[in-house]
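Numbering (the numbering used here), first residue to last: 59 to 111.
See below for the structure under consideration.
Dropping the structure here:
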């Protein structure tokens, strides 16, 4: 039974490790890039206010 516990520990630890690698390599840079683009894009609220005047 202790072998089963060790195998489960390594399996769950390995999945957590690869999930962290995926997050650091793809998700976090994608999130930061979208946030930067959103901050640099001009707001459309002002354009709509000028059209109604």
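The beta carbon of each residue, even a glycine, is placed where N, CA and C say it ideally should be.
Just so you know, these numbers come straight off a predicted model, no measurement behind them.
For residue 87, the three-state secondary structure derived from DSSP is helix. Cβ neighbours of residue 79 within its own chain (closer than 7 Å, five residues either side excluded): none. In this structure, DSSP gives residue 73 a helical state, which the three-state scheme calls helix.
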